[in-house]
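Numbering follows full-length UniProt numbering, with no gaps: position 225 of the sequence shown is 225. Below is one structure, written out as structure tokens; the observations come after it.
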Amino acid sequence: MATSQASSTVEVRGTKRRRLETNGSNDAAPSIAQSMEVDATALGGPSTASLLTRLEKVESTLDTVLTDIFRKLPTLVADAVQTKLAAHGSAQLDGVFHDLRSTVETCLQEALQKLRPELGSPSAAAASGPSSASSSLSLSTPTPPPTSSRRTPIPPPRFEWGGRIHPVPQDFTLPKMTVLHLWRAWFSGIPDSGMVPLQQLSTRNLPVPADVARFSKARRVVAFIASSGGAPSLAKLATSEASARENVFEIGCRRAAAKFRAFSASPDAALRTFHDLSYATCYDAIRKLEKADAPSGQE
Numbered sequence: 001m002a003t004s005q006a007s008s009t010v011e012v013r014g015t016k017r018r019r020l021e022t023n024g025s026n027d028a029a030p031s032i033a034q035s036m037e038v039d040a041t042a043l044g045g046p047s048t049a050s051l052l053t054r055l056e057k058v059e060s061t062l063d064t065v066l067t068d069i070f071r072k073l074p075t076l077v078a079d080a081v082q083t084k085l086a087a088h089g090s091a092q093l094d095g096v097f098h099d100l101r102s103t104v105e106t107c108l109q110e111a112l113q114k115l116r117p118e119l120g121s122p123s124a125a126a127a128s129g130p131s132s133a134s135s136s137l138s139l140s141t142p143t144p145p146p147t148s149s150r151r152t153p154i155p156p157p158r159f160e161w162g163g164r165i166h167p168v169p170q171d172f173t174l175p176k177m178t179v180l181h182l183w184r185a186w187f188s189g190i191p192d193s194g195m196v197p198l199q200q201l202s203t204r205n206l207p208v209p210a211d212v213a214r215f216s217k218a219r220r221v222v223a224f225i226a227s228s229g230g231a232p233s234l235a236k237l238a239t240s241e242a243s244a245r246e247n248v249f250e251i252g253c254r255r256a257a258a259k260f261r262a263f264s265a266s267p268d269a270a271l272r273t274f275h276d277l278s279y280a281t282c283y284d285a286i287r288k289l290e291k292a293d294a295p296s297g298q299e
């Protein structure tokens, strides 16, 4: 009696009938497994490629959320403090607020950088998982969407020196500026040179000791012009549009020039002269004016 070859048939709904010749061996097992893997979608289940795509989208979304939190949280906290101060503060508290804002931002940045590894992306968690996990299920590091499409502000650069994080490098020096340049640098910085708005600095951020006194003078000049221009406080003025700040500057300079009585009788000429003053010279004039206005014995 001739030996007949055993045969088996595997049917999967939605596919053609497949006849696998076994020849009395186990060679059919891999073929059956491959058939079932290929036809998994026909049974209503997602394919491996589909699962990987979904997991990568989840990882990318989580990474984007964490990045937004790290970028926005310090500014949101500082803005909340600024709103409270603008509602109930005064010009005398402006200097205290700017020191506080810088401290809050620095401390939060340091804390978030320490927390980030603990909140790490799913890829880090997957890497620390059981060794028996299939290597084919490992996720690649996601690429966040381009910042231009999300339209989120680019965070200012941070520099580490002296054991702390600062918004300026260790070789930063406060530049010599006219009153006009100081006003704009105080609220908007100097984008071409990468200098952050001076209002974000505090004396702790100045690596050169001599700049501490210069910074205090600069802040006093800006506060004097803002007050002369009718601004309730520097904190509130900082949240205004640039055009509104320029208007306050124009008014403040005209009134300050009239108070000093050291400029041309022509308002326009006096204004131009005031614009061109160095802020150090302006500070000296403010001090002389304060002494002249002070009651006798209270200088």
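Backbone N, C-alpha and C define an ideal beta-carbon position, used for all residues, glycine too.
By how many angstroms is the C-alpha of residue j removed from the C-alpha of residue i?
i, j, result
"LEU277", "SER60", "52 Å"
"GLY162", "LEU206", "11 Å"
"THR67", "HIS181", "34 Å"
"LEU237", "THR273", "24 Å"
"PHE215", "PHE224", "14 Å"
"ARG77", "ARG245", "Looking at the sequence provided, one finds Val at residue 77 rather than Arg. Their backbone Cα atoms lie some 24 Å apart in a straight line."
"ILE286", "MET177", "17 Å"
"GLU290", "PHE260", "10 Å"
"ARG220", "TYR283", "7 Å"
"GLN170", "LYS288", "34 Å"
"ASP63", "ALA49", "21 Å"
"ILE190", "VAL65", "30 Å"
"residue 306", "ARG164", "Nothing can be reported for residue 306: it is not among the residues displayed for the chain, which extend from 1 to 299."
"SER149", "LEU51", "Because the pLDDT at SER149 is just 45, under 50, the model does not fix this residue reliably, and the value given afterwards should be weighed accordingly. Distance between the alpha carbons of SER149 and LEU51: 26 Å."
"THR203", "GLU160", "16 Å"
"ALA235", "LEU55", "45 Å"
"PRO232", "LEU198", "19 Å"
"GLN200", "SER47", "52 Å"
"GLU250", "HIS166", "32 Å"
"ALA213", "TRP186", "16 Å"
"THR53", "ILE69", "25 Å"
"HIS275", "VAL58", "55 Å"
"VAL222", "ARG158", "25 Å"
Tell me the DSSP secondary structure of residue i in three-state form.
i, result
"SER228", "helix"
"THR178", "strand"
"SER278", "strand"
"TYR164", "Reading the sequence as shown, one finds Arg at residue 164 and not Tyr. It is a strand residue."
How close, in whole Å, do the beta carbons of residue i and residue j come, if the pair is a contact with beta carbons under 8 Å?
i, j, result
"SER228", "ARG255", "4 Å"
"GLY230", "VAL248", "7 Å"
Just to confirm, are residue i and residue j a CB contact at a threshold of 8 Å?
i, j, result
"GLY252", "ALA226", "yes"
"VAL196", "VAL179", "no"
"THR239", "ASP211", "no"
"SER188", "ALA242", "yes"
"LYS217", "ALA292", "no"
Any chance the CB of residue i is under 7 Å from a heavy atom of the ligand HEM?
i, result
"ARG287", "Inclusion of the ligand HEM in the displayed structure is not the case, the ligand content being empty and no account of it being possible."
Open item on the list: Ignoring anything shorter than 3 residues, give me the beta strand (DSSP E) runs that lie fully in the stretch 207 to 251, in order along the chain.
Closed with: none
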